[in-house]
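For reference, the structure discussed in these notes is given below.
Residue numbers (the working numbering): 938 to 1219.
Shown next, in the form of structure tokens:
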């Protein structure tokens, strides 16, 4: 039975598809932006009260879910899931975030393999029953038949996130074609890193498409960027009046996979703070 209203994940995210290219994560709500602004101000003063220091390891359990259509049972094999997890773990480790693989599931269903956009109540129930852990547990779903125009979707954390119905649309949803594959040059699994960055509370480095130093992603050590990156243009500078070249190597930009190599110390600080404020208390 179709829902009479659009599912939360669709209404929150579909509006961001056209404006944000291959990442369909929606714009943060005014309440989220206000919270991020307060965090930024406190971080600048060095007075943020955190339950978990960014200098200490933050350990996060991860559950990975492969969703494939009938006749494609050979896609997303166990080895590829392991390879993708390795990319995630190695990408977040420099930020003192220790990801631990806690479980895996595999579902064969043509309808579910299309991913979250445009789905019905059956998809919502599928996520409810397969998602594992509390609001501090990362769940990542990979779909063989997701719209190729959307490479990934992941919600920012919410202050009410530990309560239903928020919990069901908390996972990250990723197009399987973005996973690392030995036979596909240049595809290294960085889409999942980008989306999980959203899960930890990071915005795009080009958020707001502005050169205003009081706008953007609200992290002070990411250079201002007004235009998303494609490829790996080393001299790109969309905000020449502001310090620094565009952060083309930052996981929260849209650069090609081989170009994406880092989170900044400020982003690491922010991920720890957001987890402590919004996820660790669940």
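Positions of the beta carbon are idealized from the N, C-alpha and C atoms, including for glycine.
How would you label residue i, buried or exposed, when you count the other beta carbons within 10 angstroms and need 16 or more for buried?
| i | result |
| --- | --- |
| residue 1108 | buried |
| residue 1058 | exposed |
| residue 1113 | buried |
| residue 1127 | buried |
| residue 1151 | exposed |
| residue 983 | exposed |
| residue 1008 | exposed |
Between the Cα of residue i and the Cα atoms of the options, which residue gives the shortest distance?
| i | options | result |
| --- | --- | --- |
| residue 1089 | 1096, 973, 1191, 971 | 1191 |
| residue 1025 | 1037, 1016, 1153, 1011 | 1037 |
| residue 1023 | 966, 1007, 1082, 999 | 999 |
| residue 977 | 1217, 1215, 1211, 1216 | 1211 |
| residue 960 | 1217, 1199, 1201, 1167 | 1167 |
| residue 1134 | 1201, 983, 1043 | 1201 |
| residue 1010 | 1120, 1066, 1095, 1081 | 1081 |
| residue 1175 | 1096, 1152, 1143, 1198 | 1143 |
| residue 1193 | 1179, 1067, 1124, 1138 | 1124 |
| residue 1178 | 1007, 1136, 1213, 1148 | 1148 |
| residue 1199 | 1069, 971, 1130 | 1130 |
| residue 1062 | 964, 974, 1106 | 1106 |
Return the Cβ separation of residue i and residue j in integer angstroms, given the expectation that the two are a contact with Cβ distance under 8 Å.
| i | j | result |
| --- | --- | --- |
| residue 1077 | residue 1111 | 6 Å |
| residue 1215 | residue 1096 | 6 Å |
| residue 1117 | residue 1021 | 6 Å |
Inspect the beta-carbon positions of residue i and residue j and report whether they are closer than 8 Å.
| i | j | result |
| --- | --- | --- |
| residue 1186 | residue 1196 | yes |
| residue 1132 | residue 1091 | yes |
| residue 981 | residue 1157 | yes |
| residue 1032 | residue 1188 | no |
| residue 1052 | residue 1001 | no |
| residue 1005 | residue 1012 | yes |
Secondary structure, alpha helix (DSSP H): runs of 4+ residues fully inside the stretch 1098–1173: Within the stretch 1098–1173, the runs of alpha helix (DSSP H) that reach at least 4 residues and sit entirely inside it are, in chain order, 1127–1136.
If you scan the stretch 1051–1083 from start to end, which runs of the beta strand (DSSP E) of 3 or more residues do you find wholly inside it? 1075–1080
At which residue ranges does the stretch 986–1032 contain complete beta strand (DSSP E) runs of 3 or more residues, listed in the order of the chain? 995–1005
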